[in-house]
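Residues 11 to 232 in my numbering are what the sequence shown lists, from first letter to last. Every residue, glycine too, gets a C-beta built ideally from N, C-alpha and C. Working notes, beginning with the structure itself.
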Amino acid sequence: MRELKIAPSILSADLSDIRGQVALVEEGGADYIHLDVMDGHFVPNITFGPVVVKAVKSVTRLVCDVHLMITDPDYYLEAFAAAGADICTVHAEVLDEPGATLDRIRALGMKAGLTINPDTPVSAVLPYLDRVDQVLIMSVFPGFSGQKFIPEVLKKVEAVASAAGDRTDVEIDGGINARTAGAAARAGANVLVAATAIFGSDDIPGACRMLRQTALEARRDG
Ligand code: DX5
Ligand code: ZN
Numbered sequence: 011m012r013e014l015k016i017a018p019s020i021l022s023a024d025l026s027d028i029r030g031q032v033a034l035v036e037e038g039g040a041d042y043i044h045l046d047v048m049d050g051h052f053v054p055n056i057t058f059g060p061v062v063v064k065a066v067k068s069v070t071r072l073v074c075d076v077h078l079m080i081t082d083p084d085y086y087l088e089a090f091a092a093a094g095a096d097i098c099t100v101h102a103e104v105l106d107e108p109g110a111t112l113d114r115i116r117a118l119g120m121k122a123g124l125t126i127n128p129d130t131p132v133s134a135v136l137p138y139l140d141r142v143d144q145v146l147i148m149s150v151f152p153g154f155s156g157q158k159f160i161p162e163v164l165k166k167v168e169a170v171a172s173a174a175g176d177r178t179d180v181e182i183d184g185g186i187n188a189r190t191a192g193a194a195a196r197a198g199a200n201v202l203v204a205a206t207a208i209f210g211s212d213d214i215p216g217a218c219r220m221l222r223q224t225a226l227e228a229r230r231d232g
């Protein structure tokens, strides 16, 4: 069974104290720091780029899991590799040749992720399973944290989790909290991204532990 990983997204963190926020999720046993890069073009929001990834990387030992919600990821891959991204996930919707982009991500020394929006079919990722380290199934339309989980995507999680080898992680992103983490884990997601449920909590380390516990229990109880 794939190892369960918790990936707090700093989209909802107090960015004026990123060092402190990262320390709190480390205390809570998080595995990744999820970094949501938005260009104001692929999605209707703008966040940050390689400069902020580099700053976060400098204050954590956790894996930096960079989610590129941008129209032209190919142009920026070197910059994110240089900034210290460990995993780089790109959207199938913007790529003419996903295989070539994924190969370039790996050649730059990063793990490669491919992701699909809630209305994109799994057929957009299945041909590339041998060229990715991670498939990300979006459970909200990307752009903002705090949106409601779309349960229909669980069928896609199941399809990818059963088609992919055990070394390919299945990540889910959007609306993950104590009520939805169990269903996501049961469907086969092993990397749980959460912004609001973690950084919106009064007890950030506790929220990380709670998500892990909920997912592990759901797996155990089937
Ligand atoms: C959505 C981003 C997510 C987002 C998740 O556009 O890709 O990573 O931050 O936020 P929550 O967990 O609040 O749905
Ligand atoms: Zn994300």
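For H77: DSSP bridge partner residues:
D46, T99
Coarse secondary structure for S19, derived from DSSP in three states:
strand
Which residue comes first and which comes last in the beta strand (DSSP E) that contains A188?
Note, A188: premise wrong, no beta strand (DSSP E); not H, not E.
K158 - containing beta strand (DSSP E), residue span
Per DSSP, K158 lies in no beta strand (DSSP E) segment and is marked neither H nor E.
Return the bridge partner residues of Q144 from the DSSP annotation.
G123, D179
In terms of residue numbering, what span does the beta strand (DSSP E) encompassing L202 cover?
201-204
Just checking, does the segment 101-108 make contact with the segment 117-137 on the three C-beta pairs under 8 Å criterion?
yes
What residue range is occupied by the uninterrupted alpha helix (DSSP H) comprising Y233?
Residue 233 lies beyond the residue range present for the chain, which begins at 11 and ends at 232; the question has no answer from this structure.
What do you reckon, is the C-beta of Q31 under 8 Å from a heavy atom of the ligand DX5?
no
Go through the residues and name those whose CB comes closer than 5 Å to any heavy atom of the ligand ZN, in chain order.
D46, H77, D183
Do the segment 158-168 and the segment 136-150 meet, that is, are 3 or more Cβ pairs less than 8 Å apart?
By the Cβ test, the segment 158-168 is in contact with the segment 136-150, since at least three Cβ pairs between them sit closer than 8 Å.
With burial defined as no fewer than 16 other Cβ atoms inside 10 Å of the residue's Cβ, what is the status of M48: buried or exposed?
buried
Residue from N55, D82, T125 with nearest C-alpha to E181:
T125
By alpha-carbon positions, which one of L14, R29, K64, L21 ends up nearest to A40?
L14
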